[in-house]
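Residue numbers (my numbering): 32 to 381.
Glycine included, every Cβ here is placed at the ideal spot set by N, Cα and C.
Working notes, structure below.
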């Protein structure tokens, strides 16, 4: 904010004076609105026109004082002219965790508003007037310069709206060298922003519930899609359904550490590659490229699904369900096998 020079002060009558509207030097009799010191108008051909303190005692709040004068000009513009058309109110509704994240923008046509009163005093971060909407709702009007956050605005009753007129500072002092330039900057650069509008609360609540219901349905559909695959991978086989004893011998590359009698879930992809999901002896769910790991297999899955264990040659899954959903989007051939012989047979028929 202090990259700009001091562009305005007040004269002996208290009127706001910009550096381009007064004689060069100290003849204007202008003073700093913050500290009261005499100002000197610098109007050269090389440097940007600006006010300098006569005794070089400028402080950071001196520039803030000039900014507040610009705010006063903006308020006067609103008071002296017909209030601009009110913008459409917009609010984004987002589903809360742990539901799937969905968003929808709620819009509300505000209608007309009329200034009911102007505040005689204009303290910073306080309302400068009250608008009355055609709905009857009162709206507190704020005017701020270069507002990056609305946290500093004074609190107000929840049944009242809040409308902010924000005047950005220009990138250089040329737009503020005189009153006409400053007025043009205000008229072209100022924006109106809704901070709160109680009239839209009912619609926001309605849309919020609709978005929640959609998220719940989406979550249910995902769970239903993943449940058969998850059950096949996690449910142990009972002894009554075990294959013949000759087939019980685990000849897989993972026999030394695979959980005995745990199921294999085979994902045959359309490019000819395949992944096999099964359970480690310590209970972790893993997924291995099979039969021949290709270069870069350890970078094939997003980090959110798991981490590669190069020693074992598998991915250790963080979330088995999400891994199933991820592979499911590739339209794989999915088969389950209770032993190594069945898995080999599935691969042979692929």
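Looking only at C-alpha atoms, which of the options sits nearest to residue i?
i: residue 111; options: 142, 186, 166 and 218; result: 218
i: residue 159; options: 118, 167, 105 and 202; result: 105
i: residue 250; options: 352, 297 and 151; result: 352
i: residue 316; options: 289, 300 and 334; result: 289
i: residue 42; options: 240, 236 and 68; result: 68
i: residue 118; options: 326, 48, 292 and 228; result: 228
i: residue 100; options: 237, 154 and 231; result: 154
i: residue 204; options: 239, 81 and 319; result: 81
i: residue 72; options: 50, 64, 88 and 63; result: 50
i: residue 131; options: 244, 163 and 184; result: 244
i: residue 256; options: 330, 355 and 216; result: 355
i: residue 211; options: 52, 378 and 341; result: 52
i: residue 139; options: 187, 166 and 311; result: 166
i: residue 292; options: 314, 232 and 300; result: 314
i: residue 322; options: 363, 311 and 378; result: 378
i: residue 175; options: 331, 324, 187 and 102; result: 102
i: residue 333; options: 312, 310, 357 and 341; result: 357
i: residue 242; options: 184, 135 and 193; result: 135
i: residue 36; options: 54, 74 and 44; result: 74
i: residue 304; options: 310, 326 and 311; result: 326
i: residue 311; options: 320, 330 and 287; result: 287
i: residue 88; options: 122, 65 and 152; result: 65
i: residue 231; options: 114, 120, 109 and 361; result: 120
i: residue 108; options: 141, 44, 216 and 142; result: 216
i: residue 341; options: 318, 335 and 361; result: 318
Helix, strand or coil: which one does DSSP assign to residue i?
i: residue 216; result: helix
i: residue 288; result: coil
i: residue 281; result: coil
i: residue 171; result: strand
i: residue 339; result: strand
i: residue 228; result: coil
i: residue 276; result: At residue 276 the pLDDT is 49, less than 50, meaning the model places this residue with poor confidence and gives no usable figure here.
i: residue 131; result: coil
i: residue 197; result: strand
i: residue 235; result: helix
i: residue 145; result: strand
i: residue 352; result: helix
i: residue 108; result: helix
i: residue 293; result: coil
i: residue 98; result: helix
i: residue 160; result: strand
i: residue 332; result: coil
i: residue 269; result: In this prediction, residue 269 has a pLDDT of 45, which is less than 50 and means its spatial position is unreliable; nothing more can be read from the coordinates.
i: residue 122; result: strand
i: residue 67; result: coil
i: residue 73; result: strand
Measuring CB to CB, does residue i end up less than 9 Å from residue j?
i: residue 343; j: residue 308; result: no
i: residue 195; j: residue 178; result: yes
i: residue 238; j: residue 98; result: no
i: residue 201; j: residue 221; result: no
i: residue 172; j: residue 146; result: yes
i: residue 301; j: residue 339; result: no
Near residue i, which residues of its chain fall below 7 Å by C-beta distance, leaving aside the five closest residues on each side in sequence?
i: residue 31; result: Outside the shown range of the chain, which is 32 to 381, sits residue 31, and nothing can be said about it.
i: residue 63; result: 40, 70, 84, 93 and 96
i: residue 150; result: 158, 159 and 160
i: residue 359; result: 256
i: residue 324; result: 344
i: residue 224; result: 195 and 197
i: residue 187; result: 171 and 193
i: residue 55; result: 72 and 74
i: residue 247; result: 130
i: residue 299; result: 305, 363, 364 and 381
i: residue 86; result: 68
i: residue 126; result: 132, 133, 242, 243 and 246
i: residue 115; result: 223
i: residue 148; result: 160 and 161
Cutting at 6 Å between CB atoms, please list the residues of its own chain near residue i, excluding the five before and the five after it.
i: residue 144; result: 117, 162 and 164
i: residue 46; result: none
i: residue 337; result: 346, 347, 348 and 349
i: residue 190; result: 229
i: residue 207; result: 38 and 213
i: residue 329; result: 339
i: residue 122; result: 137 and 235
i: residue 142; result: 165
Does residue i come within less than 9 Å of chain E when only Cβ atoms are used?
i: residue 191; result: No chain E is present in this structure, which holds just one protein chain.
Kindly list the residues whose CB is nearer than 8 Å to the CB of residue i, restricted to its own chain and excluding five residues on each side of it in sequence; keep chain order.
i: residue 234; result: 137 and 139
i: residue 156; result: 173, 175, 183, 184 and 185
i: residue 272; result: Because residue 272 carries a pLDDT of 46, less than 50, the predicted location of this residue cannot be relied on, and no value is offered for it.
Nearer than 8 Å: is that true of the beta carbon of residue i relative to any heavy atom of the ligand NAD?
i: residue 218; result: Ligands are entirely absent from the displayed structure, and the ligand NAD is therefore not among its contents.
Exercise. Are the segment 50-62 and the segment 91-100 touching, with three or more C-beta to C-beta distances below 8 Å?
Worked result: no
Exercise. Between the segment 280-290 and the segment 363-381, do three or more beta carbon pairs fall short of 8 Å?
Worked result: yes
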